[in-house]
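Participant: In the working numbering, the protein residues as written are 11 to 290. Here it is, the structure, as structure tokens.
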């Protein structure tokens, strides 16, 4: 029920959809017989126009997504790794089935990272977790497309455990934990998009699985950028992903599916022989 409700609500509040709905509502009010309603309609239409203008000229998407992407910096990789978890979201199963070839999307760095880390750690176990996040059924599964994509580049898919039933990040963590059976003290690398990493880490911690975050698929560049960009589609895309994550962080915390509202990296261990200082 939670899965279905989240899909419906997101369809309504997604920034592009929300602006379109407000525009349609405001335009409808313009045809009202009552002046007060027509005045309200003009205000709504004007507000939507200003919103589109801001999204066209200002890097609003970058402002909103950058704090998510900068939360977990890419770590120095350890010498030994027990396993690698790769979250789904980088593949397009329906298109792959219709075109009879692996199809990736703008998060394809997750696929590349799987091969990169798998070659770097030849003895590490690999878990790919991703079923179908579609509201209309799970006929096509990401795991099947991921297997085909790795086969296509010559990666040994016999090393990979494919989890094909999960529909969201909460189920990614639960089903992967049950499949992999991590032991206390094991080192597992978690691969997902940088903007998705805070919520993912919070969820994995909540199910009792401490992971080493390895963010990929950045959508923003570090440092100051020009304020005028004239790029509505890219800006709206960034804003949509960022808003979805911020809403997800709040919702998962309220549902007790994350260990913190905005998960952060663990503090570095204290030097040997130095006692931890407890603040009053």
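Glycine included, every Cβ here is placed at the ideal spot set by N, Cα and C.
Could I get the ranges of all uninterrupted alpha helix (DSSP H) runs contained in the stretch 104-180, with 4 residues as the minimum, in chain order?
Facilitator: Listed in chain order, the complete alpha helix (DSSP H) runs (minimum 4 residues) inside the stretch 104-180 are 119-130, 152-162.
Participant: Give the straight-line distance between the Cα atoms of residue 265 and residue 174, rounded to the nearest whole angstrom.
Facilitator: Position 255 of the chain shown, counted from the first residue, corresponds to residue 265. Position 164 of the chain shown, counted from the first residue, corresponds to residue 174. Going from the Cα of residue 265 to the Cα of residue 174 covers about 24 Å.
Participant: What would DSSP say about residue 221, mapped onto helix, strand or coil?
Facilitator: Taking the chain shown and counting its residues from 1, one reaches residue 221 at position 211. The answer is coil: DSSP assigns residue 221 none of H, G, I, E or B.
Participant: Can you name the residues that DSSP bridges to residue 203?
Facilitator: Numbered from its first residue, the chain shown carries residue 203 at position 193. Answer is 226, bridged to residue 203.
Participant: In whole angstroms, give me the CA-to-CA distance for residue 215 and residue 37.
Facilitator: To locate residue 215, count along the chain shown from 1; it is residue 205. To locate residue 37, count along the chain shown from 1; it is residue 27. Taking the straight line from one Cα to the other gives about 47 Å.
Participant: Could you tell me the distance, in whole angstroms, from the CA atom of residue 191 to the CA atom of residue 199?
Facilitator: Along the chain shown, read from residue 1 onward, the residue named residue 191 stands at position 181. Along the chain shown, read from residue 1 onward, the residue named residue 199 stands at position 189. If you take the alpha carbons of residue 191 and residue 199, they lie about 14 Å apart.
Participant: Use the C-beta contact count for residue 90: other C-beta atoms within 10 angstroms, 16 or more gives buried, fewer gives exposed.
Facilitator: Translated into the one-based positions of the chain shown, residue 90 becomes position 80. By the 10 Å Cβ count, residue 90 comes out exposed.
Participant: By the three-class DSSP mapping on this structure, what secondary structure does residue 189 have?
Facilitator: In the chain shown, residue 189 corresponds to position 179, counting from 1. In the structure shown, residue 189 sits in a helix (DSSP, three-state: H, G or I).
Participant: Measuring only the C-alpha atoms, how far is residue 262 from residue 43?
Facilitator: Indexing the chain shown from 1 puts residue 262 at position 252. Indexing the chain shown from 1 puts residue 43 at position 33. Whole-angstrom Cα-Cα distance: 45 Å.
Participant: Is DSSP giving residue 15 helix, strand or coil here?
Facilitator: Looking up residue 15 in the chain shown gives position 5. Three-state DSSP puts residue 15 in a helix.
Participant: By Cβ distance, which residues of its chain are closer than 7 Å to residue 151, with the 5 residues on each side in sequence left out?
Facilitator: The residue given as residue 151 occupies position 141 in the chain shown. For residue 151, where only same-chain residues beyond five positions count, the Cβ hits under 7 Å are 103, 141, 142, 174.
Participant: Does the structure place the stretch 54-65 close enough to the stretch 158-167 that three or more beta carbon pairs sit under 8 Å?
Facilitator: Short answer: they don't touch.
Participant: In three-state terms, what does DSSP make of residue 87?
Facilitator: Translated into positions along the chain shown, residue 87 becomes position 77. Note: residue 87 maps to coil in three-state DSSP.
Participant: Alpha carbon to alpha carbon, what distance is there between residue 26 and residue 242?
Facilitator: Taking the chain shown and counting its residues from 1, one reaches residue 242 at position 232. Taking the chain shown and counting its residues from 1, one reaches residue 26 at position 16. For residue 242 and residue 26, the distance between alpha carbons rounds to 10 Å.
Participant: When we look at the beta-carbon of residue 22 and count the other beta-carbons within 10 Å, is it buried (16 or more) or exposed?
Facilitator: Start at 1 with the first residue of the chain shown, and residue 22 comes out as number 12. Residue 22 comes out exposed.
Participant: Would residue 58 pass as a contact of residue 32 if the rule is Cβ separation under 8 Å?
Facilitator: Indexing the chain shown from 1 puts residue 58 at position 48. Indexing the chain shown from 1 puts residue 32 at position 22. Yes, the pair counts as a contact, with Cβ atoms nearer than the cut-off.
Participant: Hey, residue 136 and residue 93 are a contact pair by Cβ (cut 8 Å); roughly how many whole angstroms apart?
Facilitator: For the purposes of this step, residue 136 is taken as residue 126 along the chain shown, with counting starting at 1. For the purposes of this step, residue 93 is taken as residue 83 along the chain shown, with counting starting at 1. Indeed, because the Cβ distance is near 7 Å, the residues count as touching under 8 Å.
Participant: Please return the same chain residues whose Cβ sits closer than 6 Å to the Cβ of residue 212, not counting the five positions on each side in sequence.
Facilitator: Locating residue 212 in the chain shown gives position 202, where the first residue counts as 1. So the qualifying residues of the chain are 268, 269, 270, 273.
Participant: Hey, out of 247, 125, 184, whose CA is closest to residue 230's CA?
Facilitator: Taking the chain shown and counting its residues from 1, the one referred to as residue 230 is at position 220. Cα-wise, what sits closest to residue 230 is 247.
Participant: When the Cβ atoms of the stretch 218-232 are set against those of the stretch 106-119, are three or more pairs found closer than 8 Å?
Facilitator: Enough Cβ pairs lie closer than 8 Å, so yes.
Participant: Please report the distance separating the alpha-carbon of residue 41 from that of residue 28.
Facilitator: Your numbering for residue 41 matches position 31 in the chain shown. Your numbering for residue 28 matches position 18 in the chain shown. Using only the alpha carbons, I get a separation of about 21 Å.
Participant: Put residue 286 into one of helix, strand or coil per three-state DSSP.
Facilitator: Position 276 of the chain shown, counted from the start, is the residue given in the question as residue 286. Confidence at residue 286 is low in this model, with a pLDDT of 45, below 50, so its placement is unreliable and no value can be given for it.
Participant: What would DSSP say about residue 239, mapped onto helix, strand or coil?
Facilitator: Translated into the one-based positions of the chain shown, residue 239 becomes position 229. Coil, per DSSP.
Participant: Using C-beta distances below 6 Å, list every residue in its chain close to residue 55, excluding the 5 sequence neighbours before and after it, in chain order.
Facilitator: For the purposes of this step, residue 55 is taken as residue 45 along the chain shown, with counting starting at 1. Excluding residues within five positions, the ones whose Cβ falls inside 6 Å are 36.
Participant: Please classify residue 255 as buried or exposed, where buried requires at least 16 other C-beta atoms within 10 Å of its C-beta.
Facilitator: In the chain shown, the residue the question calls residue 255 occupies position 245. Buried: at least 16 other Cβ atoms inside 10 Å.
Participant: What do you get for residue 83, buried or exposed, if any count of 16 or more other CB atoms within 10 angstroms of its CB means buried?
Facilitator: By 1-based counting over the chain shown, the position of residue 83 is 73. So residue 83 counts as exposed.
Participant: Based on Cα-Cα distance, which residue from 239, 185, 220 lies nearest to residue 276?
Facilitator: Here residue 276 refers to the residue found at position 266 when the chain shown is read from its first residue. When only C-alpha atoms are compared, the closest one is 220.
Participant: Excluding the 5 residues flanking residue 76 on each side, which residues of the same chain have their C-beta closer than 6 Å to its C-beta?
Facilitator: Here residue 76 refers to the residue found at position 66 of the chain shown. Closer than 6 Å at the Cβ level, and outside the excluded window around residue 76, lie 230.
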